[in-house]
Ligand SMILES: Nc1ncnc2c1ncn2[C@@H]1O[C@H](COP(=O)(O)OP(=O)(O)OP(=O)(O)O)[C@@H](O)[C@H]1O
Ligand SMILES: [Mg+2]
């Protein structure tokens, strides 16, 4: 087993710098999900690891060995793409066998490897078909199989599921995770989908415009986002971010914005606040904002009375989108609700789960 280490990677296309000082340690056997918006440099990073793209600065280590100058074939990595990239004129068997023929393995070893991979992915009954005779999900399995037969040290996935419908995507997520726990091989998985990142990753690497914003377990990213960007990207529906200030009034720390007044758990805040007032961005996840009926915390002081804009029913719960003055606020309520647009709703904030960010830097403030 072997990990991947990236040290201070820089990459430009023409005058545009795409990757800016990327350093990342992917542990041996880890499932690392690289997530970020379109164009932030995810695919470029993956192609650099695979050796398909050169770098101006920095080092790529695979299994502890510097691989900067090595050809893709010498890196012992296998890549799976969104568009499958299957050979259309070859059968499934030939698609799987191709890389092994090039490596001049014996016929019997090729057959053994192909059958082993095909069984793992349950495509052993499709070996005589051509890609055009397969469904999208089956094609994706063949693409996975083609990586699997190579027995690589590292798997690289570039949005492998984005061509599939929602249900199939969920099934394949589970299949890939299962494969990971069987093989225990290092996997680096690129996606722009935060749900995929949250459900699949051992750790997430969140990129934004060529830099890494934060690396951590899904729970760390959700509970302790280092800045407003991470807080908004991780978590569905997105966190409520509200500008205001924290004031100390007598013994009590209070968050005040144009429309809101929230009484905070104040011991640590009072100790840490250097002045009597500090500008702040308050972060409240919709999951920490409930109506009276749903909430175990009957906190009258920290109830926001807002006007409902619309209700998004998710089955077991519903997301209620509201506003109070100019402030948009989303909360989480029971799905069997008669609440409708225009109604007034009381939302209770769980003050134990608030996030605070510096207004000037957008960085997390830990009270
Ligand atoms: N060969 C190239 N020549 C010039 N610019 C490129 C090239 N490849 C990528 N880019 C640019 O580099 C930036 C990052 O591209 P990249 O494909 O890595 O993004 P991404 O995060 O994978 O996006 P997506 O989620 O849309 O796949 C983009 O602005 C893209 O236009
Ligand atoms: Mg991409």
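Residue numbers (our numbering): -6 to 360. By construction, the Cβ of each residue, glycine as well, lies at the ideal position given by its N, Cα and C atoms.
Neighbourhood of residue i by C-beta distance below 6 Å, restricted to the same chain and skipping five residues each side
| i | result |
| --- | --- |
| residue 70 | 43, 145, 147, 149 |
| residue 1 | 14, 16, 51 |
| residue 60 | 53, 68 |
| residue 252 | 317, 318, 320 |
| residue 92 | 143 |
| residue 258 | 344 |
| residue 109 | none |
Close Cβ partners of residue i (< 8 Å) along its chain, the five nearest in sequence each way excluded
| i | result |
| --- | --- |
| residue 65 | 43, 44, 45 |
| residue 178 | -6, 22, 145, 146, 147, 148 |
| residue 209 | 196, 197, 217 |
| residue 335 | 300, 301 |
| residue 282 | 233, 297, 322, 323, 324, 325, 340, 341, 342, 343 |
| residue 316 | 299, 300, 302, 322 |
| residue 131 | 116, 119 |
| residue 333 | 301, 304 |
| residue 127 | 85, 119, 135 |
| residue 295 | 255, 256, 341, 342, 344 |
| residue 81 | 123, 124, 125 |
| residue 63 | 44 |
| residue 11 | 4, 5, 34, 37, 203 |
| residue 243 | none |
beta-carbon residue i near ligand 2 non-hydrogen atom, thresh 7 Å
| i | result |
| --- | --- |
| residue 369 | Given a span of -6 to 360 for the chain in the structure shown, any question on residue 369 remains unanswerable. |
| residue 155 | no |
| residue 152 | yes |
Any non-hydrogen atom of ligand 1 closer than 7 Å to residue i Cβ
| i | result |
| --- | --- |
| residue 6 | yes |
| residue 44 | no |
| residue 34 | yes |
| residue 37 | yes |
| residue 11 | yes |
| residue 185 | yes |
| residue 21 | no |
| residue 129 | no |
| residue 29 | yes |
Residue i and residue j closer than 8 Å at C-beta
| i | j | result |
| --- | --- | --- |
| residue 211 | residue 180 | no |
| residue 48 | residue 41 | yes |
| residue 73 | residue 106 | no |
| residue 88 | residue 129 | no |
| residue 304 | residue 320 | no |
| residue 84 | residue 112 | no |
| residue 114 | residue 137 | yes |
| residue 256 | residue 271 | no |
| residue 350 | residue 360 | no |
| residue 77 | residue 133 | yes |
| residue 355 | residue 220 | yes |
| residue 248 | residue 239 | yes |
| residue 20 | residue 57 | no |
Chain-order list of residues whose beta-carbon lies under 7 Å from that of residue i (same chain, five-residue window excluded)
| i | result |
| --- | --- |
| residue 183 | 27, 35, 36, 39, 150, 151, 152 |
| residue 308 | 328 |
| residue 337 | 298, 300 |
| residue 187 | 28, 226, 227, 229 |
| residue 173 | 24, 180 |
Residue i: CB within 7 Å of a non-hydrogen atom of ligand 4
| i | result |
| --- | --- |
| residue 27 | This structure lacks ligand 4; its bound ligands are ligand 1 and ligand 2. |
Inset, instruction - Please list the segments of the alpha helix (DSSP H) lying wholly inside the stretch 32 to 98, counting only runs of 4 or more residues, in order along the chain. - result: 35 to 43, 85 to 95
Inset, instruction - Could you say if the stretch 250 to 270 and the stretch 221 to 232 meet the contact criterion of at least three C-beta pairs nearer than 8 Å? - result: no
Inset, instruction - Tell me the start and end of each unbroken beta strand (DSSP E) in the stretch 223 to 281 that is at least 3 residues and wholly inside, in chain order. - result: 233 to 242, 245 to 249, 254 to 256, 270 to 277
Legend entry - Unbroken stretches of the beta strand (DSSP E), 3 residues or longer, contained in the stretch 135 to 194: 147 to 151, 179 to 184
Legend entry - Three-pair Cβ contact test at 8 Å for the stretch 269 to 278 versus the stretch 226 to 235: yes
Inset, instruction - Kindly confirm or deny that the stretch 160 to 169 and the stretch 200 to 209 touch, where touching means at least three C-beta pairs closer than 8 Å. - result: no
Inset, instruction - Scan the stretch 301 to 356 and note each continuous beta strand (DSSP E) run of 3 residues or more that stays entirely inside, going in chain order. - result: 310 to 317, 320 to 327, 337 to 342, 348 to 350
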